[in-house]
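Here the structure comes first, spelled out in structure tokens, and everything after it is commentary.
Residue numbers (the working numbering), protein chains in the order written: chain A, 756 to 1058; chain S, 7 to 285.
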């Protein structure tokens, strides 16, 4: 049973189609990555998930319950941080959390607020006005706000924007901790390396449509690798692979780099085949990176 | 709902701009008191000079009752601005500050958030009116003492006995509250559409000025719309100092004021509960 199910979500702003029949499912306990270029529809999707934006069509269900029918019950189990962490700047961190805790239908104790302040590393600064905080400190406060109602599902939209490298590492560990506590996290980020490290499953969207989705193993696993072979001299490979079973797997040549889409176990056979045809091989790289997958898919989608 | 109203009141209470209205009223009213204390008698002699041939005015004219009336008259323009200053910011300020997107994804419905904000605005407006009443009437009486009151109106001079005045102020302030609540609902309505704090205040004041100008122009075309202009009814509190009190006129005006308040609040609610929060 999925914790979140999105079916055929569509949203149009005047002439611009922000979401076009988008569907995906998030399993409990997962870190789910939402990827896409600027304007792909990531933020619109996240805002629809929180009822900030009303979709034109489609269904959103959490815990097998429809969002539009069980909004109050559902959103009481969801924590979120959408884009930059904004707060009441004239209030202290403690007072901001105290104030926002009133918007939960559960009673949130003072000790919960203090423990969250400690958890995000703001102890000692909790009585300072938020206007005196750096972006990193506001981000920490944002994460404390996310956890106020002890949510089962956490939605984080570009949480590492504006963070320094140390902040990014801390955030990564924070998200791993949430997963270890059994929480489900939906995460969008521009930093592909972060998603690659964090996400169990992901979806890449462009122009409001899903381009590809699946588990990390399915998308970045050992099947269907994009293999690059560095050869000694520029060679007309297409003639060599013609009428062989490598023909359909051959993806092109760029100067001395030859590309194939094959399974990992086929690499030795391909190397043998090329050697047999007197092609000097300098290097073979086969690890498929998210960045590569992302770039190739979004370019195809844009074409 | 009560919890959310408390939260909204807390936001108003902790926001520095909320005190600007109270401070402005305090300064303006105190300035009027000081001015009237030092040179009020000459001012009144000048005003009543035209009646010297018709009336023999004896006794004390400069009383706390009259001062309060003068203050209320003078604050007709300022009070809506002070109300709009806070109520015009209550939704748009959160939209521009980014906190609206935090609130709108919380379990409480948008209607809950909307009405908690509106009720908080009404309470803030009430506090402003009460503060004005304390400064104008109570401080006026402390400084100038009590006594009969002479009110100069376009229809003539009305003389009210000392014991016949305080209840009129009570009603006048209640009417003033509902008039200012209308202004609050207008600013609140514009605030639900805007995404910055300045626009609702500027538009609210602009509408008040335009409506007032139309109301004062003696043009046949405008004669038809004058009765339905909300600014026409903003000075209805003055009728409480007529003899006898024209209750029917007051009730008619109040029903128009109430209708406008419902209209502006309804539009704001309709828009706020349906709008996409993109900020």
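Idealized CB from N, CA, C, for every residue including glycine. This one's a predicted model, so the numbers in the text were calculated from it and none came from an experiment.
- The beta carbon of residue 1026/A lies closer than 7 angstroms to those of 1036, 1039 in the same chain, with the five residues before and after it left out.
- Residue 68/S is positioned such that its CB atom lies closer than 7 angstroms to that of residue 46/S.
- Residue 814/A carries a strand assignment under DSSP once its states are collapsed to helix, strand and coil.
- Three or more Cβ pairs closer than 8 angstroms define a contact, and the stretch 245 to 260 of chain S falls short of that threshold against the stretch 771 to 790 of chain A.
- For residue 108/S, no pairing in a beta bridge is given by DSSP.
- Within its own chain, the residues whose Cβ lies closer than 7 angstroms to the Cβ of residue 32/S, once the five positions on either side in sequence are excluded, are 141, listed in chain order.
- Listed as beta-bridge partners of residue 969/A by DSSP are 957/A.
- If you draw a straight line from the Cα of residue 191/S to the Cα of residue 268/S, it comes to about 8 angstroms.
- With fewer than 16 other Cβ atoms from the protein chains shown falling within 10 Å of its own Cβ, residue 1023/A counts as exposed.
- If you compare the alpha carbons of 236/S, 273/S, 270/S with that of residue 258/S, the shortest gap goes to 236/S.
- Those residues of the stretch 847 to 876 of chain A placed with their C-beta closer than 8 angstroms to a C-beta in chain S are 850, 854, 855, 857, 858, 859, 860, ordered along the chain.
- Between residue 123/S and residue 189/S, the alpha-carbon positions lie close to 15 angstroms from each other.
- In terms of CA proximity to residue 922/A, 890/A leads the group 890/A, 942/A, 901/A.
- Taking residue 756/A as the centre and dropping the five residues before and after it, the same chain places the C-beta of 819 closer than 7 angstroms to its C-beta, in chain order.
- About 16 angstroms separates the beta carbon of residue 942/A from that of residue 975/A, a gap too long to meet the 8 angstroms contact definition.
- With at least 16 other beta carbons inside 10 angstroms of its own, residue 954/A counts as buried.
- Think of a sphere of 9 angstroms around the beta carbon of residue 808/A: the chain S residues whose beta carbon falls inside it are 282, 283, 284, in chain order.
- With contacts defined by Cβ atoms closer than 7 angstroms, residue 789/A and residue 930/A do not form a contacting pair.
- Taking the CA atoms as reference points, residue 144/S sits about 14 angstroms from residue 76/S.
- Here residue 204/S is exposed: its Cβ has fewer than 16 other Cβ atoms, across all protein chains shown, within 10 Å.
- When the Cα atoms are used, residue 990/A and residue 804/A turn out to be separated by approximately 52 angstroms.
- For residue 277/S, the CB contacts under 7 angstroms within the same chain, skipping 5 residues up- and downstream, are 198, 199 in chain order.
- Not flagged as an interface residue toward chain A: residue 123/S, since no C-beta distance is shorter than 7 angstroms.
- About 7 angstroms separates the CB atoms of residue 956/A and residue 971/A; that is less than 8 angstroms, so the two are in contact.
- Per DSSP, residue 1017/A is one residue of the beta strand (DSSP E) stretching across 1012 to 1017.
- Taking 7 angstroms as the cut-off, the Cβ atoms of residue 107/S and residue 918/A do not count as close.
- Between residue 147/S and residue 70/S, the gap from beta carbon to beta carbon is short of 7 angstroms.
- The C-beta distance from residue 835/A to residue 909/A rounds to 7 angstroms, short enough to fall under 8 angstroms.
- Residue 13/S is classed as buried because its beta carbon has at least 16 other beta carbons within 10 Å across all chains shown.
- Looking at the DSSP output, residue 788/A bridges to 942/A, 957/A.
- Residues of the stretch 76 to 96 of chain S whose Cβ lies closer than 9 angstroms to any Cβ of chain A: none.
- Residue 184/S and residue 133/S have their C-alpha atoms some 12 angstroms from each other.
- Counting only Cβ-Cβ distances below 7 angstroms, residue 105/S has contacts in chain A at 841, 842, 843, in chain order.
- Shown in chain order are the members of the stretch 881 to 904 of chain A whose Cβ falls below 8 angstroms from a Cβ of chain S: 900.
- Per the DSSP secondary-structure output, residue 155/S pairs in a beta bridge with 166/S.
- Between the stretch 831 to 850 of chain A and the stretch 869 to 889 of chain A there are three or more C-beta pairs closer than 8 angstroms, enough to call the two in contact.
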